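Working notes, structure below.
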Ligand SMILES: Cc1cc2nc3c(=O)[nH]c(=O)nc-3n(C[C@H](O)[C@H](O)[C@H](O)COP(=O)(O)OP(=O)(O)OC[C@H]3O[C@@H](n4cnc5c(N)ncnc54)[C@H](O)[C@@H]3O)c2cc1C
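Numbering (my numbering), first residue to last: 87 to 330.
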């Protein structure tokens, strides 16, 4: 099932990135959209094939929500959105999906570590806003690695949040390996909830390293549940074979 929405705002903070605000509509009437911070939705622009995009803002009373889209320069949906999409344009979107959401209740849960590479930052913006809006004193640390300074298009946004909220720390990294950077800085990483977000290759790289740090699979959250399931399944088979 797909719903209608209108693009009500577009920013293009970097050459290959567009930040869009979508307002769900029935006819011309704004309608609420039910989702939890950390989820994603399939969005269909113009005649392009629908693509999943993380929702980048915490739920708002108005129902409007943000998505951040990268142009991979291959002429796909991302290229269309970054190069051509306009305010007032109608789009279609699907129900919210994904399980990389906050524990309920949040009070008393483990400190949170967000590990993002590139556009993986989008759901962490929504999650950070959702936690800080509720004034939880739960420690949150966001690590964000990108290939160039231009890709860190939300650097000043998170730096401002860090100034305003003592429980929130932000560590951006240009070049280098964001996982090495986080592991070198973090203590008691096995006693935290870890959210990982980015391309599939990043999740593939991160998973064995996180498990090797003693983090239980139940404390690792990502949209790429297929990769986690496959990895854990393969490991279980390998253990059984070694034991045989
Ligand atoms: C859960 C989830 C959340 C996501 N969240 C975001 C987000 O917040 N922001 C974001 O930007 N993206 C996000 N993505 C990725 C996004 O959904 C798209 O898959 C991605 O942007 C690429 O789609 P595209 O149509 O732009 O380009 P492509 O899928 O790359 O397609 C472009 C064209 O290039 C062709 N093509 C594809 N690969 C190659 C290749 N190797 N060589 C030659 N031609 C090729 C295709 O057939 C197509 O014609 C997310 C993905 C998932 C699974």
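We put the beta carbon where it would ideally sit given N, CA and C, even for glycine. Note that the structure is a prediction, hence the values are computed from the model and not measured.
Check your understanding: Run through DSSP, which three-state label would residue 231 get?
Key -> What you label residue 231 is simply residue 145 of the chain shown in a count that begins at 1. In the structure shown, residue 231 sits in a strand (DSSP, three-state: E or B).
**Study point:** Segment contact flag, the segment 302-319 with the segment 219-230, C-beta cutoff 8 Å, min 3 pairs
**Key:** no
Review point. Which full runs of the beta strand (DSSP E) of 3+ residues lie inside the segment 184-221, going along the chain?
Key: 198-203
Practice item. Give me the Cα-Cα distance between residue 324 and residue 217, rounded to the nearest whole angstrom. Key: Residue 324 sits at position 238 when you count from the first residue of the chain shown. Residue 217 sits at position 131 when you count from the first residue of the chain shown. For residue 324 and residue 217, the distance between alpha carbons rounds to 39 Å.
Check your understanding: In terms of residues, what are the limits of the alpha helix (DSSP H) holding residue 140?
Key -> Residue numbering aside, residue 140 sits at position 54 when the chain shown is read from its first letter. Unbroken run through residue 140 is the beta strand (DSSP E), 137-140; no alpha helix (DSSP H).
Point to revise | Inter-residue Cα distance where the pair is residue 192 and residue 121 | key: Numbered from 1 along the chain shown, position 106 holds the residue referred to as residue 192. Numbered from 1 along the chain shown, position 35 holds the residue referred to as residue 121. C-alpha separation (whole angstroms): 17 Å.
Check your understanding: When the Cα atoms are used, what is the spatial distance from residue 198 to residue 253?
Key -> Position 112 of the chain shown, counted from the start, is the residue given in the question as residue 198. Position 167 of the chain shown, counted from the start, is the residue given in the question as residue 253. Between residue 198 and residue 253, the C-alpha separation is close to 10 Å.
Check your understanding: With C-beta atoms as the reference, is residue 99 less than 9 Å away from residue 142?
Key -> Within the chain shown, residue 99 is the residue found at index 13, counting from 1. Within the chain shown, residue 142 is the residue found at index 56, counting from 1. No, they are not a contact pair.
Check your understanding: So residue 156 packs on residue 164, CB below 8 Å; how close in whole Å?
Key -> Position 70 of the chain shown, counted from the start, is the residue given in the question as residue 156. Position 78 of the chain shown, counted from the start, is the residue given in the question as residue 164. Indeed they touch by this definition, with Cβ atoms about 5 Å apart.
**Study point:** Outcome for residue 302 when other beta-carbon atoms lying within 10 angstroms are tallied against a minimum of 16
**Key:** As a position in the chain shown, residue 302 is number 216, starting the count at 1. Its Cβ having fewer than 16 others within 10 Å, residue 302 is exposed.
**Study point:** Check: residue 275 C-beta below 8 Å from any heavy atom of ligand 1
**Key:** To locate residue 275, count along the chain shown from 1; it is residue 189. Because no heavy atom of ligand 1 lies under 8 Å away, the Cβ of residue 275 does not count as near it: no.
**Study point:** Simplified DSSP state of residue 103, which is helix, strand or coil
**Key:** Locating residue 103 in the chain shown gives position 17, counting from the first residue. Strand, per DSSP.
Exercise for review: Since I believe residue 112 is in contact with residue 94 (beta carbons under 8 Å), could you give me their beta-carbon distance rounded to a whole number of angstroms?
Suggested key: The count along the chain shown starts at 1 and reaches residue 94 at position 8. The count along the chain shown starts at 1 and reaches residue 112 at position 26. 15 Å between Cβ atoms; not a contact.
Check your understanding: Based on Cα-Cα distance, which residue from 131, 257, 174 lies nearest to residue 202?
Key -> Stepping through the chain shown from its first residue, residue 202 is reached at position 116. Ranking 131, 257, 174 by Cα distance to residue 202 puts 257 first.
Exercise for review: Compute the Euclidean distance between the alpha carbons of residue 238 and residue 261, then round it to the nearest angstrom.
Suggested key: Position 152 of the chain shown, counting from 1, holds the residue named residue 238. Position 175 of the chain shown, counting from 1, holds the residue named residue 261. Distance between the alpha carbons of residue 238 and residue 261 is about 11 Å.
Practice item. Could you name the residues of the same chain whose beta carbon sits closer than 7 Å to that of residue 296, not counting the 5 residues immediately before and after it, in chain order? Key: Within the chain shown, numbered from 1, the residue matching residue 296 stands at position 210. Here the set comprises 280, 306.
Check your understanding: Among the residues of its own chain, which have a CB less than 7 Å from the CB of residue 272, if the five just before and after it don't count?
Key -> Here residue 272 refers to the residue found at position 186 when the chain shown is read from its first residue. The answer, listed in chain order, is 199.
Point to revise | Minimum length 4: unbroken alpha helix (DSSP H) runs contained in the segment 246-311 | key: 264-271, 286-298
Review point. According to DSSP, is residue 89 helix, strand or coil?
Key: Within the chain shown, residue 89 is the residue found at index 3, counting from 1. Strand, per DSSP.
**Study point:** C-alpha distance - residue 205 paired with residue 240, whole-angstrom precision
**Key:** Sequence index remark: in the chain shown, residue 205 carries index 119 (1-based). Sequence index remark: in the chain shown, residue 240 carries index 154 (1-based). Their Cα atoms are separated by approximately 10 Å.
Review point. If you measure from the CB of residue 124, is any heavy atom of ligand 1 nearer than 8 Å?
Key: Translated into the one-based positions of the chain shown, residue 124 becomes position 38. No.
Review point. Within 10 angstroms of its Cβ, does residue 173 collect 16 or more other Cβ (buried), or is it exposed?
Key: Against the chain shown, residue 173 aligns to sequence position 87. Residue 173 is exposed by the Cβ-count criterion.
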